[in-house]
Amino acid sequence: MNPLEVKLGTLKLRTPIVLASGTAGYGEISTFFNIKNLGALTLKAVSIRKRDGNLPPRIAETPSGIMNAIGLANEGIDYFEKHIVPKLSRLKTTLIANVVGDSVEEYALICRKLNRHKIISAIELNVSCPNVKGKKKLFCEDPDVLSAMVSSCKKASSKPIIVKLPPAVFGIEEMAERVEKAGADMLSLVNTVPAMEIDIMKERPVLGNNVGGLSGPAIRPIALRLVHRASQAVKIPIIGGGGVADAADVIKFILAGATAVSVGTSSMIRPDLTDRLAEDLIAILKRKGVDDIAALRGRLSFNGV
Numbered sequence: 000m001n002p003l004e005v006k007l008g009t010l011k012l013r014t015p016i017v018l019a020s021g022t023a024g025y026g027e028i029s030t031f032f033n034i035k036n037l038g039a040l041t042l043k044a045v046s047i048r049k050r051d052g053n054l055p056p057r058i059a060e061t062p063s064g065i066m067n068a069i070g071l072a073n074e075g076i077d078y079f080e081k082h083i084v085p086k087l088s089r090l091k092t093t094l095i096a097n098v099v100g101d102s103v104e105e106y107a108l109i110c111r112k113l114n115r116h117k118i119i120s121a122i123e124l125n126v127s128c129p130n131v132k133g134k135k136k137l138f139c140e141d142p143d144v145l146s147a148m149v150s151s152c153k154k155a156s157s158k159p160i161i162v163k164l165p166p167a168v169f170g171i172e173e174m175a176e177r178v179e180k181a182g183a184d185m186l187s188l189v190n191t192v193p194a195m196e197i198d199i200m201k202e203r204p205v206l207g208n209n210v211g212g213l214s215g216p217a218i219r220p221i222a223l224r225l226v227h228r229a230s231q232a233v234k235i236p237i238i239g240g241g242g243v244a245d246a247a248d249v250i251k252f253i254l255a256g257a258t259a260v261s262v263g264t265s266s267m268i269r270p271d272l273t274d275r276l277a278e279d280l281i282a283i284l285k286r287k288g289v290d291d292i293a294a295l296r297g298r299l300s301f302n303g304v
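Take the sequence shown: its letter number 74 is residue 73 in numbering that gives the first Met the number 0, and every next letter is one higher.
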């Protein structure tokens with residue numbers, strides 16, 4: 000028996016570790032670790048048309064984190080289908096596509112196109128990216144549009160639909176309930192935290208886009224709270240993440256209610272992190288006297304106050 004195996008909806012993952020979109024490209028990072036230690040890999044975002052992304056600088060280090068404003072740069076769905084999909088078979092793991100768009104119709108169209116590719120096991124809807132130029136309102140900020148998007152994508156594809164939610168400090172339960180009711184099969188949270196850093200000599204923001212998304216250990220306590228709150232509100236499984244740096248962090252998210260755990264920033268700093276996580280997770284389970292990591296899900300007990 001594999002003590003790290005988890006069931007994420009209809010998907011069976013070898014481990015609960017999921018590489019977050021935007022941090023693993025289209026799988027190129029897999030050359031740095033044993034892919035058998037990975038549960039799933041979320042591919043870089045794909046849109047209807049090519050996106051050039053934001054002006055540089057696109058990345059800036061912050062205390063205990065990284066701030067990015069890539070702008071969802073990609074070559075578009077046609078290029079993805081023609082040039083990327085044929086190469087994905089070399090990745091012997093569960094693959095999740097990440098979809099972005101400018102309208103409900105665009106999201107649904109991409110999902111329809113992705114539905115014909117067996118190599119893609121699930122589709123993640125990025126409705127909460129905070130660093131897209133010109134977008135004044137996120138799709139997740141309009142409840143009716145969010146529901147319509149999830150419903151349309153469910154009709155367009157038979158693959159499991161994952162909705163990636165923002166770090167909404169207030170109202171995460173309502174947002175989670177809404178997408179579950181609209182038909183989402185899973186949730187992924189949290190996305191990066193909207194942020195800004197300033198160069199005091201230039202008196203300007205350090206990022207070319209002015210604002211970006213903060214990730215890394217600095218946001219982990221925020222993410223843990225939101226994952227726990229969301230898990231209390233819905234029955235669908237959750238991919239929790241935000242600031243995961245070691246195996247103990249993975250366990251924390253599972254205790255908070257996550258079924259699987261996404262790793263992003265730390266895997267860019269240390270590409271072989273997946274191997275260390277798998278090894279250390281087994282060691283932690285042995286210390287706790289647990290032979291199935293899924294048994295820890297949602298076991299968080301609050302202190303009496």
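Backbone N, C-alpha and C fix where the C-beta goes; we use that ideal spot for every residue, glycine too.
Could you pull the start and end residues of the alpha helix (DSSP H) that Lys-112 belongs to? 103-113
Quick one: residues in its chain with C-beta nearer than 6 Å to the C-beta of Ile-238, no 5 flanking neighbours on either side, listed in chain order? Hits under 6 Å: Val-17, Ser-187, Ala-259 and Ser-261.
What does DSSP give as the partner residue(s) for Asn-67 in the beta ladder? Note: Asn-67 is bridge-paired with Ile-58 and Gly-212 in the DSSP secondary-structure output.
In the DSSP output, what is Thr-305 paired with across the bridge? Absent from the structure is residue 305, since the part of the chain shown begins at 0 and ends at 304.
Whole-angstrom distance between Gly-215 and Phe-252, CA atom to CA atom: If you take the alpha carbons of Phe-252 and Gly-215, they lie about 14 Å apart.
Helix, strand or coil: which one does DSSP assign to Ile-283? Ile-283: helix per DSSP, three-state reduction.
Using DSSP bridges, identify the partner residues of Gly-240. Partner(s): Ser-261.
In this structure, how does DSSP classify Asp-77 when only helix, strand and coil are distinguished? helix
Can you tell me which of Lys-201, Met-200 and Ala-194 puts its alpha carbon nearest to the alpha carbon of Ile-218? Ala-194
Buried versus exposed call for His-227 [16 or more other C-beta atoms within 10 Å across all chains shown]: His-227 is buried by the Cβ-count criterion.
Which class does Arg-34 belong to by DSSP, given the choice of helix, strand or coil? Note that residue 34 corresponds to Ile in the displayed sequence, not to Arg. In this structure, Ile-34 counts as helix in the three-state DSSP scheme.
Assumed close pair Thr-41, Glu-123 - CB separation to whole angstroms, cut-off 8 Å: Indeed, because the Cβ distance is near 6 Å, the residues count as touching under 8 Å.
Are the CB atoms of Ser-20 and Asn-97 nearer to each other than 7 Å? yes
Out of Val-249, Gln-231, Asn-209 and Ala-247, which one is the CA nearest neighbour of Pro-56? Ranking Val-249, Gln-231, Asn-209 and Ala-247 by Cα distance to Pro-56 puts Asn-209 first.
How many angstroms separate the CA atom of Glu-172 from the CA atom of Val-126? Each residue's Cα considered, the two are about 16 Å apart.
Looking only at its own chain, which residues have a Cβ that is under 6 Å from the Cβ of Pro-236, when we skip the five neighbours before and after it? Leu-7, Gly-8, Met-185 and Thr-258
Going by DSSP, which residues form a beta bridge with Glu-123? Asn-97 and Ile-161
Could you give the distance in angstroms between the alpha-carbon of Ile-47 and the alpha-carbon of Lys-154? So the alpha carbons of these two residues sit roughly 18 Å apart.
What do you get for Ala-183, buried or exposed, if any count of 16 or more other CB atoms within 10 angstroms of its CB means buried? buried
What is the C-beta distance between Met-66 and Glu-196, in whole angstroms, given that I count them as a contact (C-beta under 8 Å)? 6 Å
In this structure, how does DSSP classify Ser-156 when only helix, strand and coil are distinguished? coil
Ends of the alpha helix (DSSP H) at Ser-230? 219-232
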